[in-house]
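Numbering (the working numbering), first residue to last: 35 to 694. Written below as structure tokens is the structure these notes are about.
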Amino acid sequence: MAYSSYARHAAQRVSAREGSEEAPQRRRGTITRVNRACNACRRAKIRCIGASTPPCERCRLSEQECVLEKPRAAHGDAGAGVDERVHALEEQMAAVRGLLGDVVRAVCPQLESPRSYPSPNRRRYPESIEARRRSASPRRRSASPRADVLAMEEMANPLGAMASLAGAAPRQGHAELDPVSAGLVSEAEGRALVEQFYAGASGFINAYDGAYDTFAALRARDAFSLTAVMLVGAVSRDGASVSAAQSICRATAERMAMGTLIAPAASVETVKALILLAAYTDNNGWLLAGHAVRIATELGLGRAFGELVSGGMGAGRGREEVEAERGLLERARVWYCVYRLEHQMSYGSGRAAIVREDATIHNSRLLLDHPLSLPSDVRLIYAVELLALRAPLHVELTTAPETPLDGHTLSRLQWANEQFDAWERHWADVLARSGESRGFVRESLSMQRQLAELFINSQLLRGVHSVSDVEAMSDDKRALALRAMHNATRCVDFVLRGRHYSANLPHGTHYTHVCAAFAASFLIRIARFFPDELDLERVAEDVESMAAVLDKLPAGRYARSLRLMLRKARREHILPERSATGAAETPLPSSAVEAWLTSLQVDVDPAALHSAGVAPDAPLPLFLSGDLGTSAAPSDAVPFVGLEEFFLPPSLDELLAFDE
């Protein structure tokens with residue numbers, strides 16, 4: 035208001051003096067000049083000093099033309115009212131900006147001095163990839179947090195501005211420091227753990243590139259990702275024991291993982307860290323995998339492969355253009371890791387998978403055509419293809435578990451076995467051409483095929499309770515059941531006698547160890563139905579050897595479960611005793627659970643058993659019985675839907691104390 039008043043009075047003072055000169059100018063059609071403010075000062079919204087004697091002080095210093103032109107008004111004095119309203123809004127905005135500035139200084143005093151927070155990914159990848167990342171994410175990022183928060187466009191979105199303030203932090207990635215930066219683990223040990231990770235575990239989880247995801251790069255980029263890599267390196271190094279470094283890294287990684295539940299989706303590094311944490315934990319891996327899926331979806335990782343295909347997978351491009359797609363290739367690789375992990379967790383826990391099979395999954399082998407693809411990508415891609423082959427049958431067999439197997443389902447199982455054969459032939463040929471015909475990747479290919487076939491063919495044994503049920507099988511069904519037995523035998527051979535697979539088993543994921551234990555337990559269970567088709571002495575020896583191998587790994591619970599199954603099978607004369615003399619018979623109580631405890635010579639409080647979900651008078655649960663995916667009661671048959679159901683739950687495993 036004061037500004038407009040000043041302008042009107044100034045115009046009145048000079049109107050008499052220059053009135054005689056303005057009239058001829060209007061008649062000549064020239065610019066209408068008034069003594070108010072020149073065009074340059076009016077556009078800059080600053081006071082025009084010396085406008086009465088042009089040029090004004092600002093125009094004279096900037097050496098530009100000083101023109102005093104009367105602004106056009108649509109309706110008389112309406113411009114004066116607009117000026118007053120604009121000036122009032124400016125004062126209000128200035129007050130709001132000042133208030134918000136006080137909030138910023140109070141909440142984040144470190145933002146008082148402007149600082150930039152360069153992203154390591156921007157140093158690693160060209161700007162085009164980074165721009166694509168920003169376009170995929172709805173959040174704005176700025177080099178100067180305070181400037182971004184106080185920008186004019188943020189004033190129209192106060193809630194978004196406060197959310198940006200809450201996310202502004204001086205550290206990158208996570209507020210919590212990694213164990214090395216926190217001084218909990220020495221830098222030398224931290225580097226050794228990262229090297230240990232790349233020495234073996236990275237072959238099972240292919241989300242990291244050893245040439246770029248070094249200790250220094252991970253430390254600068256994301257504390258969560260570095261902590262997860264160190265944790266897996268410690269698990270791989272320690273075996274059955276738990277070192278102080280492993281405990282520290284696990285506790286730190288779990289706190290960081292909980293922080294991602296309420297924080298906005300940060301970067302692909304968060305997804306990679308969650309993948310590692312889910313794959314190398316024996317508890318809540320399913321939940322962590324689902325969380326990783328949702329963050330990956332939020333970040334748009336599933337679209338990266340389509341962008342690579344649209345760009346021709348780097349074909350015919352120069353070195354710099356190919357390098358520009360490194361970040362996009364990483365995002366596609368991580369998405370495939372998410373798919374593989376989530377489906378493995380689904381099969382292990384008997385739950386439905388979240389990520390469905392689309393063109394990205396069905397065309398995944400095109401990723402190997404990119405010039406920047408890694409040698410380890412081969413194992414990732416053939417695992418993705420195998421899981422995609424299993425997915426339809428997994429859904430069909432677990433959606434309606436009470437439905438008996440009919441001719442249609444039997445033909446689907448036979449079709450799946452044919453697809454597994456074709457899949458293995460193709461990838462065996464690919465590996466032979468690349469010189470990997472005898473290494474770990476080749477043995478892992480055969481192991482995964484045998485496991486997939488075992489899981490599918492074992493569905494034929496749902497509802498089988500006795501030898502009479504086996505005798506009533508059709509020839510086709512019996513052939514597939516025997517094939518499942520052969521699959522389990524081959525899996526045990528790879529674990530115990532495979533030159534490369536057995537050497538890499540200590541670096542394997544939790545799912546890898548569960549699959550090995552399941553193959554051994556399947557041999558014990560099927561021996562009661564097909565005793566003439568198996569070498570029972572060798573089965574007993576292999577199960578003992580498998581338990582000994584798992585006992586040296588972070589899979590002690592499965593080793594103890596196998597020993598319990600083996601001891602029970604020997605007492606029931608399903609498998610031969612270790613010695614020729616055998617043991618004296620002991621009368622078994624009437625209760626199934628009491629009989630089981632007596633046969634194992636263990637002493638457990640009944641109340642503790644009840645708290646673990648085992649009722650004294652109830653039939654033996656699946657992990658205690660010798661059935662093939664069914665309960666002890668014929669009327670309560672439940673088919674196999676999850677690997678974990680065949681083993682002791684952690685709560686009961688901790689209660690049992692028996693002689694090894």
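From the three backbone atoms N, C-alpha and C, an ideal C-beta is built for every residue, glycine too.
Nearest-angstrom beta carbon gap, residue j and residue i [assumed within contact, 8 Å]
i, j, result
"ASN267", "HIS544", "Reading off the sequence, residue 267 comes out as Gly, not Asn. The pair is not a contact, with the Cβ atoms about 16 Å apart (cut-off 8 Å)."
"VAL389", "VAL327", "6 Å"
"TRP461", "LEU485", "TRP461 to LEU485, Cβ: 15 Å. No contact."
"HIS547", "TYR592", "6 Å"
"SER536", "MET599", "At roughly 22 Å, the Cβ-Cβ gap does not stay under 8 Å, so SER536 and MET599 are not in contact."
"VAL526", "ASP569", "About 12 Å; that fails the 8 Å criterion."
"SER236", "SER410", "7 Å"
"GLU91", "ILE83", "5 Å"
"LEU311", "ALA262", "5 Å"
"PHE231", "GLY542", "Between GLY542 and PHE231 the Cβ distance is about 13 Å, and since that is not below 8 Å, they are no contact."
Under the three-state DSSP convention, the category residue i falls into
i, result
"HIS607", "coil"
"ASP576", "helix"
"PRO540", "helix"
"ARG81", "coil"
"THR294", "coil"
"LEU199", "In this prediction, LEU199 scores a pLDDT of 48, lower than 50, which makes its location untrustworthy; no coordinate-derived value is stated."
"ILE490", "helix"
"ASN397", "coil"
"HIS404", "coil"
"HIS221", "Residue identity differs from the one stated: residue 221 is Glu in this sequence, not His. Correct three-state label for GLU221: helix."
"LEU587", "coil"
"LEU570", "helix"
"ALA216", "coil"
"SER277", "coil"
"VAL498", "coil"
"GLY135", "helix"
"ASP316", "coil"
"GLY237", "helix"
"THR248", "coil"
"ARG562", "coil"
"GLU619", "Reliability of the predicted coordinates at GLU619 is poor, the pLDDT of 42 falling under 50, and the value obtained from them is presented with this limitation in mind. The answer is coil: DSSP assigns GLU619 none of H, G, I, E or B."
"ARG612", "coil"
"ALA709", "Since the displayed the chain opens at 35 and closes at 694, residue 709 lies outside it and no answer follows."
"LEU677", "helix"
"SER410", "coil"
"GLU229", "helix"
"GLU419", "helix"
"LEU682", "coil"
"ARG472", "coil"
"ALA299", "coil"
"GLU210", "coil"
Delimiting residues of the alpha helix (DSSP H) encompassing residue i
i, result
"THR73", "The sequence shown places Asn at residue 73, not Thr. Per DSSP, ASN73 belongs to the alpha helix (DSSP H) from 73-78."
"GLY319", "319-332"
"THR87", "Segment: none, THR87 is in no alpha helix (DSSP H) and carries neither H nor E."
"ASP527", "509-531"
"GLN98", "Unbroken run through GLN98: none, as it is neither H nor E."
"ARG446", "441-467"
"ASP243", "ASP243 -> no alpha helix (DSSP H), and no H or E assigned at all."
"ASP272", "257-272"
"VAL305", "302-313"
"ASP503", "501-505"
is_contact[residue i, chain B] using C-beta, thresh 8 Å
i, result
"ALA466", "Although the question refers to chain B, the structure presented lacks it and comprises just one protein chain."
For this session: For the segment 321-392, list the alpha helix (DSSP H) runs that are entirely contained and at least 4 residues long, ordered along the chain.
Result: Those alpha helix (DSSP H) runs which fall completely within the segment 321-392 and span 4+ residues are 338-344, 353-357, 360-383.
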